[in-house]
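Using the numbering used here, you'd call the opening residue of the sequence shown number 122 and step up by one each time.
Scroll down for the structure; my scribbles are underneath it.
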Amino acid sequence: MRYFFFIAILFAFLFPTLGLSQITPENPNDSLIIDTGKKDSISVYNPSIKNYQQTLDFTHWKVLDTTFSVQNTLRLPYPNHKKNFDKLLFSNIGSGFQKITPGRYSSIQQDINLLPEIKSFFYIPKDSVHYYSVATPTTSFNFNSGIKNGAALQSHYTQNIGKNFNFSIGYQGIRSLGLYQNDLTSVQNFLVSAHFASPKVPYRAYGHYNNYINNHQENGGIVSLDNYYNLKTFRNRQNLATNLIGAVSQTRSRRYYLRQRLDPFFFKKINSALFLETQYSTTHFLFSEAAQNNQFFGTTELIPENSLGIDHYSRIFSNTAGFEYESKLIKSQIGFLFENQNFGVNDGVTSPTSLQYSDKRIGIKATAQVLILNKYALSTEAEVSQGSVLKNKIYSFSKVALPLHTRWTDSIAVSATFSRALPPTHWLLHRSRYSMIQYNNVSTALPTTSLRIEGITSLPFYKSVLMGGYYQEINPFFWDENAQPKQQKDGSSSLSFFYTQASAEIPWGQFKFIPEIRIQKALTGNDILPLPTVISRLHFLYEINLFKNAMRFRGGARIGYTSGFASRDFLPHLGEFILPNNRAYSIGNHPSLDLIAHAKVKPMLIFIEGLSLETLFLKNEAFAAPYYPSGDFRLNISFQWRLFH
């Protein structure tokens, strides 16, 4: 897989010489412009940025975002290209985050059922895969510096062959040694996507292949906090002892996806079509050790016959066939789901049949979007399925968005998410050499019901956004302080939170102030999901044009603060967070300070950031989880470069 990046570069320089370009409607009589290779495609055909578009499955086409917007510059320097406002970052860039807001059901849980939370931040769900339509071959590079000469590099190449077929190849690689012992991370993400529209037959297809590998050398956190606080003695973080030696986790996932759409002549008259959606995915989670780390678990009993490396796996094959309807106001689909899901454990000792489960499922999936005034006013999706092992599953999401131009608001949107399903399969079944984390809850677990209601409004001054919401889980699942899976099953106990969040962009000449604050409060269940009450961040930015307007520069500072809370501990053997035990302590209540310098030079965005400057003059008390520091000062260099050939 490490060579796919070089293949992507080869494509980037090879295919432009072929001169194959998509022709837009301004040239309806031609489908290809062919040049001998002496001229660049841009000189043969002069497209605009509107001729470079992307789409998600079952959404409308959008122009590629190459702007120097504040939102772009605040998310692109992170390796996962998200803002991460609601997450605490581990010291190594490939290690993941601790999510510090409620809500554990997302598109990832709907797509895959084995992935531990901390291994999911670089995984690409099927509904996040982009498909493209470009006027000329297009290449992009995203680079982020890491720890100890490490780096994260994402390359992408896409090209249209004629105006009816597009393919793209993308590769993301992360390799970073980390500041501490036994903390090497390596992430690989290879993605191929394509879409095809037949010019003669009313047929369209979207498909992709994704191969995700996450390798991590686990260290179990530092052994002594006193040594961590003593900067004079331990200047080199590699000298700090860590809990685990020779422990490695590996997560592998492969997904094949194809969506086909056919418009028979008698369906086309009523704006309808037939579709078939096929998906096959496999996932493996393996935690292995070179030798037993007994001291990490204290007096726990051992199961000597169990292997030091046990493979937990999940395989899902699904077909959804149904109908689509599309008009100027409505776009909808309904399909019948047929799915076969297999999951289990390969430990090399126990009888395979006792640790393998097969669940044949049937159900219905539906999606609808209603357009008013060329805007989405209502969007909804739902899935109801039933199986013999994993029982009933219900998932629904609905959102109403209204342009509401008044003195106090520009728009308002309300959404509701409801789900009812058994917990993820890695919570239901686990094998280990350590008895405390060996369990099988497949037959005894109850469905967890979750409800999220959110509202968001855009205000007419200072690009202000105000949002709030309520989240509840009934029969919530969690890992207790002994890493045992638990579930509140009486139906009356629940986990519930409410929150409010506000942000704004306040200009003052060439300066900008961007405050963002979130206040959340547990109504019930704070003992099983402890979270901070306040999460805040303030950007102070200065913008100017330099070098005769050849460069747009934006620089300033980012100040963050998260209130203190009794954080969950992290257990590498599960890849999950467990309730605080006798060695845990509160984290947070610690400010952060970053200096940032961002620039745009033609199609290139450049980011230079000095992260965690507060560690140069404050005591080390910044943690992503107990005994897992979030890192000290480092220089982060990153860029995004798009090449339109």
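We put the CB at the ideal spot given by N, CA and C, even for glycine.
Which residue from 483, 234, 499 and 703 puts its Cα closest to that of residue 489?
Ranking the options by Cα distance to residue 489, first place goes to 499.
Taking the alpha-carbon positions, what's the residue 764 to residue 567 distance?
Each residue's Cα considered, the two are about 52 Å apart.
From 177, 195, 254 and 206, pick the residue whose C-alpha is nearest to that of residue 171; which is it?
Comparing Cα positions, the closest option is 254.
Use the C-beta contact count for residue 712: other C-beta atoms within 10 angstroms, 16 or more gives buried, fewer gives exposed.
With fewer than 16 other Cβ atoms within 10 Å, it is exposed.
Checking the sheet assignment: what are the DSSP bridge partners for residue 359?
Partner(s): none; residue 359 has no beta bridge.
From which residue to which residue does the alpha helix (DSSP H) around residue 192 run?
191 to 196 is the extent of the alpha helix (DSSP H) around residue 192.
Could you check how far apart the C-beta atoms of residue 247 and residue 462 are, in whole angstroms? I think they sit under 8 Å.
The Cβ separation is near 15 Å, so there is no contact.
Indicate the three-state DSSP secondary structure (helix, strand or coil) for residue 182 in the structure shown.
Note: residue 182 maps to coil in three-state DSSP.
Determine the direct distance from the alpha carbon of residue 271 to that of residue 666, and round the result to whole angstroms.
Each residue's alpha carbon lies about 32 Å from the other.
Would you tell me roughly how many angstroms separate the C-alpha atoms of residue 697 and residue 430, rounded to the nearest one?
In a straight line, the C-alpha of residue 697 is about 17 Å away from that of residue 430.
What is the residue span of the alpha helix (DSSP H) that residue 417 lies within?
Residue 417 -> alpha helix (DSSP H) spans 415 to 418.
Taking the beta strand (DSSP E) that residue 259 belongs to, which residues open and close that run?
That run of the beta strand (DSSP E) goes 259 to 266.
Can you tell me whether DSSP reads residue 776 as helix, strand or coil?
In the structure displayed, the chain extends from 122 to 766; residue 776 sits before or after that span and is not available.
Between residue 314 and residue 252, which are expected to be in contact by the criterion C-beta below 8 Å, what is the C-beta distance as a whole number of angstroms?
Right, the Cβ-Cβ distance comes to about 6 Å (below 8 Å), so this counts as a contact.
Please identify the residue among 322, 305, 373 and 541 whose C-alpha is closest to the C-alpha of residue 243.
Measuring from the Cα of residue 243, the nearest candidate turns out to be 373.
I'd like the list of long-range same chain contacts for residue 411, defined as Cβ closer than 8 Å, with 5 residues on each side in sequence excluded.
Correct list, in chain order: 366, 367, 368 and 429.
Are the CB atoms of residue 370 and residue 339 within a distance shorter than 8 Å?
Yes; because the gap between Cβ atoms is below 8 Å, this pair is in contact.
Just to confirm my understanding: we take residue 595, look at its own chain, exclude 5 residues before and 5 after, and list those with CB closer than 6 Å. What are they?
Excluding positions up to five away in sequence, the list reads 570 and 615.
At which residues does the beta strand (DSSP E) containing residue 644 begin and terminate?
Segment 632 to 645, the beta strand (DSSP E) holding residue 644.
Please identify the residue among 197, 676, 359 and 699 whose C-alpha is closest to the C-alpha of residue 715.
It is 676 whose Cα lies nearest to the Cα of residue 715.
Rounded C-beta distance between residue 563 and residue 510? I'm assuming under 8 Å.
Contact holds; Cβ gap of about 7 Å.
Just the Cα atoms here: how many angstroms apart are residue 221 and residue 481?
Residue 221 and residue 481: Cα-Cα distance of roughly 35 Å.
Starting from residue 441, trace the beta strand (DSSP E) both ways and give me its first and last residue.
430 to 447 is the span of the beta strand (DSSP E), which, as asked, contains residue 441.
Along the chain, where does the beta strand (DSSP E) that runs through residue 350 open and close?
Element bounds for residue 350: not the beta strand (DSSP E) but the alpha helix (DSSP H), 346 to 350.
Taking the straight line between their C-alpha atoms, what separation do you get for residue 282 and residue 518?
Roughly 37 Å between the two C-alpha positions.
If you run the structure through DSSP and keep just helix, strand and coil, what is residue 543?
Residue state, collapsed to three classes: coil.
Rounding to the nearest angstrom, what Cα-Cα distance links residue 446 and residue 311 in this structure?
Going from the Cα of residue 446 to the Cα of residue 311 covers about 33 Å.
Exposed or buried, residue 260, counting other C-beta atoms within 10 Å across all chains shown (16 or more means buried)?
It counts as buried.
Would you give the residue range spanned by the beta strand (DSSP E) that residue 768 belongs to?
Residue coverage of the chain in this structure runs from 122 to 766, which leaves residue 768 outside it and unanswerable.
By Cβ distance, which residues of its chain are closer than 7 Å to residue 609, with the 5 residues on each side in sequence left out?
Closer than 7 Å at Cβ, skipping near neighbours: 596 and 597.
Use the C-beta contact count for residue 454: other C-beta atoms within 10 angstroms, 16 or more gives buried, fewer gives exposed.
Classification of residue 454: buried, given that the 10 Å Cβ count is 16 or more.
My parser needs the beta strand (DSSP E) runs of 3 or more residues fully inside the region 650 to 722; what are they?
Counting only runs of 3 or more, we get 655 to 667, 672 to 683, 690 to 692, 697 to 699 and 711 to 722.
Could you name the residues that DSSP lists as bridge partners for residue 552?
DSSP, once it has assigned bridges, lists no residue as partnering residue 552.
Out of curiosity, what's the CA-to-CA distance linking residue 329 and residue 426?
Residue 329 and residue 426: Cα-Cα distance of roughly 41 Å.
When you compare only the Cα positions, how much space is there between residue 545 and residue 235?
Answer to the nearest angstrom: the Cα atoms are 6 Å apart.
Please report the straight-line C-alpha distance between residue 477 and residue 237, rounded to a whole angstrom.
Between residue 477 and residue 237, the C-alpha separation is close to 19 Å.
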